[in-house]
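So for the sequence shown, numbering that gives the first Met the number 0 puts the first residue at 0; every next one is plus one.
Let me begin by presenting the structure, written as structure tokens, before commenting on it.
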Amino acid sequence: MQRLARLPAFFWSALVGAMTSPLAAQDITRDNYFDYLPPPGRLVSQTRATARLHLFGDRNSPSFSDLAPADGIDDTRAARLLQIAERFSPIIRPNNFSVPRDPRAVLGPQQRLMSDLWVNGRRVNSDTILLEQRAAETGLTQQSDNSAQREKSDLLLARLLSSHGPRSFAPLVEPAEADSDRVLFFDFPGSEPKTWRASYQRLDPRSGSRVFAHPFLSESPTAAGDARYQLVVQFWFFYPFNDGANAHEGDWEGVNVVATTRERAAKARTADQAMLSAADIQSVLSPDYPVDSLVVAAAFYFIHQHVLTLDYLALGSPEPAPTGTVADAHYAWEDVDYARRAIRGRLSTAGGKLATHPLVYVGGDNKGAAELLAFWPRFGKSLRRNSGASFPFPGIWQTVAGFAVTEGVQGEVVPRLHADTSLAWHELIADDAYLTYRASEIVVLPDWEELLGQLETNADFRREWGWFVLPIRWGFPVSKSPAAGFVKHTNVGNIAPMGLAYHAAWNRIGATTEHFEYRVRVLRTPVSPNTPWAVVKNGWGFLNVPLAVWGLMPGFNVGLIQLMPWVSGGMHLVGAPPRRTFTPDRLPRRFTTEGQGIFREFGGRDFAGVLSRADTVLAASRGVRENQIGPRFWFNLHFGDHFSLENTYSWSTSDIAYDASNASGTWPVTGSLEMRQLTGGIRYDVLEIGSEDAHIYARGGYGWLWYRASDERINGQPSGISHEREGYFPTILPSRHWMPNTLYAGAGLEAFSPRRYWLFGLLGYGVRVEYSGFAHRLHYDDTRRRGDVTSLRGDLATSLVFGW
Numbered sequence: 000m001q002r003l004a005r006l007p008a009f010f011w012s013a014l015v016g017a018m019t020s021p022l023a024a025q026d027i028t029r030d031n032y033f034d035y036l037p038p039p040g041r042l043v044s045q046t047r048a049t050a051r052l053h054l055f056g057d058r059n060s061p062s063f064s065d066l067a068p069a070d071g072i073d074d075t076r077a078a079r080l081l082q083i084a085e086r087f088s089p090i091i092r093p094n095n096f097s098v099p100r101d102p103r104a105v106l107g108p109q110q111r112l113m114s115d116l117w118v119n120g121r122r123v124n125s126d127t128i129l130l131e132q133r134a135a136e137t138g139l140t141q142q143s144d145n146s147a148q149r150e151k152s153d154l155l156l157a158r159l160l161s162s163h164g165p166r167s168f169a170p171l172v173e174p175a176e177a178d179s180d181r182v183l184f185f186d187f188p189g190s191e192p193k194t195w196r197a198s199y200q201r202l203d204p205r206s207g208s209r210v211f212a213h214p215f216l217s218e219s220p221t222a223a224g225d226a227r228y229q230l231v232v233q234f235w236f237f238y239p240f241n242d243g244a245n246a247h248e249g250d251w252e253g254v255n256v257v258a259t260t261r262e263r264a265a266k267a268r269t270a271d272q273a274m275l276s277a278a279d280i281q282s283v284l285s286p287d288y289p290v291d292s293l294v295v296a297a298a299f300y301f302i303h304q305h306v307l308t309l310d311y312l313a314l315g316s317p318e319p320a321p322t323g324t325v326a327d328a329h330y331a332w333e334d335v336d337y338a339r340r341a342i343r344g345r346l347s348t349a350g351g352k353l354a355t356h357p358l359v360y361v362g363g364d365n366k367g368a369a370e371l372l373a374f375w376p377r378f379g380k381s382l383r384r385n386s387g388a389s390f391p392f393p394g395i396w397q398t399v400a401g402f403a404v405t406e407g408v409q410g411e412v413v414p415r416l417h418a419d420t421s422l423a424w425h426e427l428i429a430d431d432a433y434l435t436y437r438a439s440e441i442v443v444l445p446d447w448e449e450l451l452g453q454l455e456t457n458a459d460f461r462r463e464w465g466w467f468v469l470p471i472r473w474g475f476p477v478s479k480s481p482a483a484g485f486v487k488h489t490n491v492g493n494i495a496p497m498g499l500a501y502h503a504a505w506n507r508i509g510a511t512t513e514h515f516e517y518r519v520r521v522l523r524t525p526v527s528p529n530t531p532w533a534v535v536k537n538g539w540g541f542l543n544v545p546l547a548v549w550g551l552m553p554g555f556n557v558g559l560i561q562l563m564p565w566v567s568g569g570m571h572l573v574g575a576p577p578r579r580t581f582t583p584d585r586l587p588r589r590f591t592t593e594g595q596g597i598f599r600e601f602g603g604r605d606f607a608g609v610l611s612r613a614d615t616v617l618a619a620s621r622g623v624r625e626n627q628i629g630p631r632f633w634f635n636l637h638f639g640d641h642f643s644l645e646n647t648y649s650w651s652t653s654d655i656a657y658d659a660s661n662a663s664g665t666w667p668v669t670g671s672l673e674m675r676q677l678t679g680g681i682r683y684d685v686l687e688i689g690s691e692d693a694h695i696y697a698r699g700g701y702g703w704l705w706y707r708a709s710d711e712r713i714n715g716q717p718s719g720i721s722h723e724r725e726g727y728f729p730t731i732l733p734s735r736h737w738m739p740n741t742l743y744a745g746a747g748l749e750a751f752s753p754r755r756y757w758l759f760g761l762l763g764y765g766v767r768v769e770y771s772g773f774a775h776r777l778h779y780d781d782t783r784r785r786g787d788v789t790s791l792r793g794d795l796a797t798s799l800v801f802g803w
């Protein structure tokens, strides 16, 4: 699977394009969703450190009180944890209208929990269970309920907690007569992107937005001494839907903030060196400890299937961040110090008032093959702009989910602030697109273990908190998806998520079994050679087709992408810095290879047919073309260590001739042939020789040929005929000349300098030798009475190459 994951991004995009045809899509109903549903996840337990240090209060203490409200947390401790949560609450910049919401508020004062029983893959029974919540938490008015219905719901809920709750006994043996499963879910308004948008886009993004905060303690098994704990606040964001490349109802995303004290941070250079002792934890949890003495040690951003780590202490250090090893530094394309500059800017702005509030850029504009499927442009009203992922910086984020999904994220690295820096932190930002969260907009969540006692004995508590411990899917279980049904019971990005305590990241800091580490590399430009989909625009519909074709044509890559690292520097000088590209993969050994050399041609005698042919000629010999040497330029854009897109431009002048004859005799017709050729294609390094710096490669692609005859002579005398140019080059705007008139294939050997021998550490060099065969479609006008022919020729080329 790791090898598959490393295939070029455009390969996955093409695969998605194939799967996202209308024929591939499946209809998902209440009676067949089980066929697509993977097995449910498992509850994630409380950490041993949380339990041992009584993060949510010591139940054995006489002072423990869980009354206002009853939520499994000691009331005094709950107030303190809420203070800490507000201290580190995120500042969110939505990409579109979708913002974090309280799902209970979306469902209403009485949430209808759907319970479907499936036996041998068939739905045989369905129940509806009414849950409740305190009106104070959402501002909703509590509605009365029929006592009989309430009693029935209490009974069903108690049975579910007994059979599917944390203390249920799951038998290891399944009876042969029946394979039964129960699916629990909340069904939110709408059923697919169009109706989801209609349901939520009218809501005010600044009204009713709410986040959940779950504190926990993590203990390092390798730390020496007493300082071995990390105080983590998990901020969870619920979105009623995700309309990304693969849409699904309901979405839980979030960020983790690791907190430490100023004293610990002052002595540390990294977050791992700023861990807390048990005594520190007790001090921090005390109401008397000044909450503004806490700072961010690190932040973890969950981006779909990835998690990205920002070590605030390392990045905030005044010492320059390391630029990486010689083997992986790419000075022309990579902005190795971007994250450090961004974090230092955020820590210092407004005297540090925003330093403890991580910026989160939510969702992004989908960029990829799926955008080619929507025919009519939508522009600002386009779909696939509410993916819910939590990004740390604006820009182009590549391969953030399955099938190389890429997203474009809007916003500023450091938001614009009001001139009056005396304002409170939540009033400082001058841009209304950013959302801040005060204590009244934060819900503190305990571990589910803190709720068990009251869940088993208190019916009101059970209706209010049953959602937290049951294996509930937060949305209709399966949404219509182009790839649905390719493999049964498999999540292809269209499955509603389980509850928070079932989330793989619950009580965990970084990478999990479901979240791979996103080792970010920052490129200076918004258009990079990592993917040809960089030029695709979200919502442009059929207008994306010429953009995608243009992005793959020779000339565009040469003229624009090759120059992007240098153009971006000029944009900084004029005060318009470009957006960055973020990629999780190891960068190729080089992005660009430029070469110049010579080639010697063989064959191509059919080109003699461009010479004139008089009507009196009865017969003519096949033409001849003298082999010649010409110059050629190469340009390669590397998508990895083995794969690259290739462009060449070459020209030559050669002698052509044929013998014409009639009843009077035979005479030679001679002339010169001027040729210009532009090609574009792919190159793949198929074999390493001795080391990774010498490769045998294969190449192939298409091209455009322009040619013209000149200095024509008949029997040694100038003919006086002026020939026009034939063949063609591609035009800038779409036309029939976009179709190539040449195909080629070949192989070669390239030896390139190891990184340690690059000139000034910036410029690599090497040599290349290759053989190529070409097939040209030649068009002769009617006066030559020959018709169109396909001419075959070959050439042997060698060049000196430079790479960076």
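Think of the CB as a built atom: it goes at the ideal place given N, C-alpha and C, for glycine as much as any other residue.
Check whether the Cβ atoms of residue i and residue j sit closer than 8 Å, and answer yes or no.
i: Gly-465; j: Val-412; result: no
i: Arg-100; j: Phe-237; result: yes
i: Lys-487; j: Asp-34; result: yes
i: Val-876; j: Ile-508; result: Only positions 0 to 803 of the chain appear in this structure, which leaves residue 876 out of reach.
i: Val-254; j: Tyr-311; result: no
i: Trp-251; j: Val-210; result: no
i: Ala-341; j: Arg-92; result: no
i: Pro-333; j: Leu-586; result: Reading off the sequence, residue 333 comes out as Glu, not Pro. For Glu-333 and Leu-586, yes; Cβs fall inside 8 Å.
i: Arg-682; j: Ser-653; result: no
i: Trp-447; j: His-356; result: no
i: Gly-680; j: Val-468; result: no
i: Asn-385; j: Ser-97; result: yes
i: Trp-650; j: Val-800; result: no
i: Ala-697; j: Val-685; result: yes
Quick one: what does DSSP say residue i is sitting in, helix, strand or coil?
i: Leu-450; result: helix
i: Glu-749; result: strand
i: Tyr-35; result: helix
i: Lys-193; result: helix
i: Tyr-727; result: coil
i: Tyr-436; result: coil
i: Phe-184; result: strand
i: His-337; result: A quick correction: the sequence has Tyr, not His, at residue 337. It is helical.
i: Asp-279; result: helix
Does the Cβ of residue i have 16 or more other Cβ atoms within 10 Å, making it buried, or fewer, making it exposed?
i: Gly-639; result: buried
i: Ala-796; result: buried
i: Val-325; result: Since pLDDT at Val-325 reaches only 43, below the 50 mark, its modelled position is unreliable, and no value is offered.
i: Thr-259; result: buried
i: Leu-791; result: exposed
i: Ile-720; result: exposed
i: Tyr-756; result: exposed
i: Ala-246; result: buried
i: Gln-676; result: buried
i: Leu-454; result: buried
i: Ile-302; result: buried
Return the residue from the list the options that minimises the CA-CA distance to residue i.
i: Gly-243; options: Trp-195, Arg-149, Arg-675; result: Trp-195
i: Glu-440; options: Arg-86, Asp-225, Ser-208; result: Ser-208
i: Asn-124; options: Leu-36, Glu-150, Leu-183, Asn-537; result: Leu-183
i: Leu-644; options: Phe-460, Asn-119, Ala-369, Gly-700; result: Gly-700
i: Ala-316; options: Leu-586, Val-295, Asn-31, Gln-453; result: Residue identity check: residue 316 is Ser in the sequence provided, not Ala. It is Val-295 whose Cα lies nearest to the Cα of Ser-316.
i: Glu-711; options: Ser-671, Asn-740, Leu-742; result: Ser-671
i: Arg-121; options: Leu-129, Gln-148, Ser-64, Arg-181; result: Arg-181
i: Ile-280; options: Asp-126, His-53, Ile-72, Val-399; result: His-53
i: Pro-733; options: Ala-708, Glu-725, Leu-546; result: Leu-546
i: Leu-451; options: Ile-72, Ala-278, Thr-221, Arg-51; result: Ile-72
i: Asn-635; options: Val-609, Arg-588, Val-668; result: Arg-588
i: Glu-749; options: Trp-703, Gly-702, Thr-741, Ile-695; result: Ile-695
For residue i, which residues does DSSP report across the bridge?
i: Trp-633; result: Gly-594, Thr-647
i: Glu-769; result: Gly-747, Ala-796
i: Leu-160; result: Answer is none; Leu-160 lacks a bridge partner.
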